[in-house]
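*Asks:* Structure incoming, see below.
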Amino acid sequence: MADRIRRRIPSRETVRQRLTSVKAWELEVEPSSLAPRGAFSNADTDPTPKEKQTWKAYTLIFYWFSDILTIQGWESMATIIKIGLTYKEAIWCTLLGDFLIAIPVVLNGHIGTRLRVPFPIQARSSFGFHAAKGVVCIRIATALFWHALQTYSGSQVMAQVLTAIWPSFGRMPNHIPASQDIDSKTLVAHLLFWLLQLPFVLIPPHKMTWFFYTKAALMIATSLGIVGYLVHRAGTSGEIFNQRPTVDGSERAWLTVYMLFQTVCGWATMATNIADVSRYVKSPRHQIVQAASLPLVGLYIGAMGMLACSASRVVYGAFIWSPAELFTHWQATRAGRAAVVFAGLSFCLAQIGINMSANIVSLSNDLAGLFPRHLNIRRGALLGTLAGGWVMVPWKISGSAPQLVTFVSALAIFLAPIAAILIADYFVVKRRAVDVPALYDPRGRYAYWRGTNPRAVAALLVAVAPNLPGLAHDVSPGLRIGGAVYIYYLNYAVGFGVAAAVYVALNVVFPARESLVPRTVYAYDDASAEEGGEGSGGEERGEKGASEVRTRPDVLP
């Protein structure tokens, strides 16, 4: 162990070089790299080797526990009720919304388990070698904002934990101006939470499985404990199940549709870049469990939060949606403070979990894909958590810019077309036949026109256009857009459907024949040996052979 740690500490000479030269940060080119010598790749952007394909079906189930058992998941159903709907609509919006988004998750997940490449490399097949970078930048922006918000949510719970351990912490004098939207004790809690989170986000994806199991066990126990305690004290499940809707008629119907697709949009990010995760799954069959695990886990944690919110009205006289606010009512006694420590640390672990699985994995893969010469997954994770935790100033986003939070959610209007184009390209246009080594060649078959596939760009722009008025209205509610608001209520469905239809139509009229191959060319000779390879029209081929990377393409001139 000591030798392993010592090897990771750079020498004095290495530190000096890295402080004086950018070239010293360049990563060593892997002998197995598929990129030609005029380009660059690294071990983390290359296809996942067999020894790192460690995830199984149950791993993905617990992966979604890690993603969904969070503060935001806890508040999801209660939020739907808060805007004027009933518990029945909250249940259906959660269950159906998560099931609908699970469809593109499974389809894009299948691509990852077949090709074994991360999202930035996968996107080159449909958007082109260089245009894919723009798509990746959209995903990076989304991941940074969500990482900032999830980290700050964890910091607020950490403040309650510190107050429970040291009550004087809650009375810490504030030395920060009110204009900064944060006080001294919350800033200290944010620093401690970020430091606690740091070693976890540096864990490589193929070694995260133990964390998923641990978090799931703790959060299930914590959620059951909180709900059991509140219902027992209240003597009833509360009033929320008898609450009448505050809207009626068509307004109620459209509000239900809006919240349904808000649920869908909540996982638009993962539906786009799930290949970053699924490439570590052993078999394409294993990832199908996501179709059930995503909606069922979402229903569980949402129902727990709704029950706790309902019972809190009886116990404390008000509906309490936030776990951090709930914990403030437990600080008066020793037993209450002990409960805050256990439950609070569980929720801290929950926020770390979603940052690991939903934000840092994608963010680090995206950064490594954009800058493979200097960034691998570990460096990308460190840079991403620094930017998300501090540079983004998350307390400003959370406290004083609700329109910005709305805008981040509205990024789904860009992510839906991207996911649709990836799926349509693989399953319809290319008929599940991709030349994986060519994905690493900037002048190969996926260069299209100057590194850009005009069909994909056109489909993306056409699909985004119908939702732009609704996006503007969401950011500035005073803006009048008439009936266009109803299109935006269906934003994910509109963006996804239009993008897929336009992309397929453009490929029928203007086919990119140079990008088509009769069968998949894998990076490894035994890739998908268990399932068999794929050819035109989805025909299977399978040859077991040595697990060797195919030779790199010709050297670029």
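Once you know that position 44 of the sequence shown is 44 in the UniProt record's numbering, the rest is easy, because the numbers rise by one and skip nothing. Don't be surprised by glycine CBs; every beta carbon is placed ideally from N, CA and C.
So, helix, strand or coil for residue 524, using DSSP?
*Replies:* strand
*Asks:* Below 6 Å CB to CB, which residues in the same chain sit around residue 68 once its five sequence neighbours on both sides are set aside?
*Replies:* 297, 298, 301
*Asks:* By the three-class DSSP mapping on this structure, what secondary structure does residue 45 have?
*Replies:* coil
*Asks:* Answer yes or no: do residue 309 and residue 226 have a C-beta to C-beta separation smaller than 8 Å?
*Replies:* no
*Asks:* Entirely within the region 352 to 391 and at least 4 residues each: give me those alpha helix (DSSP H) ranges in chain order.
*Replies:* 361 to 370, 377 to 386
*Asks:* Who pairs with residue 449 in a beta bridge, going by DSSP?
*Replies:* 452
*Asks:* Does DSSP put residue 281 in a helix, a strand or coil?
*Replies:* strand
*Asks:* Between 43, 118, 494, which lies nearest to residue 365 when the distance is taken from Cα to Cα?
*Replies:* 118
*Asks:* Which class does residue 519 belong to by DSSP, given the choice of helix, strand or coil?
*Replies:* strand
*Asks:* Using DSSP with H/G/I as helix, E/B as strand and the rest coil, what is residue 55?
*Replies:* strand
*Asks:* Excluding five sequence neighbours on each side, which residues of the same chain lie with their C-beta closer than 6 Å to the C-beta of residue 536?
*Replies:* Confidence is the limiting factor: at residue 536 the pLDDT is only 43, short of 50, which leaves the residue's position unreliable, though a coordinate-based value still follows. The answer, listed in chain order, is 431, 433, 518.
*Asks:* Quick one: Cα of residue 313 to Cα of residue 320, how far?
*Replies:* 7 Å
*Asks:* Is residue 458 close to the ligand ZN? I mean its beta-carbon at under 7 Å from any heavy atom of the ligand.
*Replies:* Because no ligand of any kind appears in the structure shown, any question about the ligand ZN cannot be addressed here.
*Asks:* Which runs of the alpha helix (DSSP H) at least 4 residues long sit entirely within the region 245 to 294? Give them in chain order.
*Replies:* 249 to 266, 268 to 273, 275 to 278
*Asks:* For residue 388 versus residue 102, is the C-beta spacing smaller than 8 Å?
*Replies:* Result no, Cβ atoms of residue 388 and residue 102 do not sit closer than 8 Å.
*Asks:* Residue 181 bridges to which residues according to DSSP?
*Replies:* Its beta-bridge partners do not exist; DSSP assigns none.
*Asks:* Smallest Cα separation from residue 180: which of 397, 512, 473?
*Replies:* It is 397.
*Asks:* Sorted by chain position, which residues of the same chain lie with C-beta nearer than 6 Å to residue 418's C-beta, five sequence neighbours on each side aside?
*Replies:* 135, 272
*Asks:* According to DSSP, is residue 435 helix, strand or coil?
*Replies:* In this structure, residue 435 counts as strand in the three-state DSSP scheme.
*Asks:* Spell out a yes or no on whether the region 191 to 203 and the region 149 to 163 are touching, meaning 3 or more CB-CB pairs, one atom from each, closer than 8 Å.
*Replies:* yes
*Asks:* Please state the DSSP three-state secondary structure of residue 443.
*Replies:* It is coil, neither helix nor strand.
*Asks:* Out of curiosity, what's the CA-to-CA distance linking residue 251 and residue 486?
*Replies:* 11 Å
*Asks:* With residue 393 as the anchor, note down where its alpha helix (DSSP H) starts and where it stops.
*Replies:* Looking at the DSSP string, residue 393 is not in any alpha helix (DSSP H), and its letter there is neither H nor E.
*Asks:* Taking all protein chains shown into account, decide if residue 413 is buried (16 or more other Cβ within 10 angstroms of its Cβ) or exposed.
*Replies:* buried
*Asks:* In whole angstroms, what separates the C-alpha of residue 294 from that of residue 64?
*Replies:* Looking at the backbone, the Cα of residue 294 and that of residue 64 are separated by about 6 Å.
*Asks:* What span of residues does the alpha helix (DSSP H) with residue 325 cover, start to end?
*Replies:* 323 to 328
*Asks:* Looking at residue 437 and residue 34, is the spacing between their C-beta atoms short of 8 Å?
*Replies:* yes
*Asks:* Residue 257 and residue 55 - do their beta-carbons sit closer together than 8 Å?
*Replies:* no
*Asks:* Between the C-alpha atoms of residue 45 and residue 124, what's the straight-line distance to the nearest angstrom?
*Replies:* 13 Å
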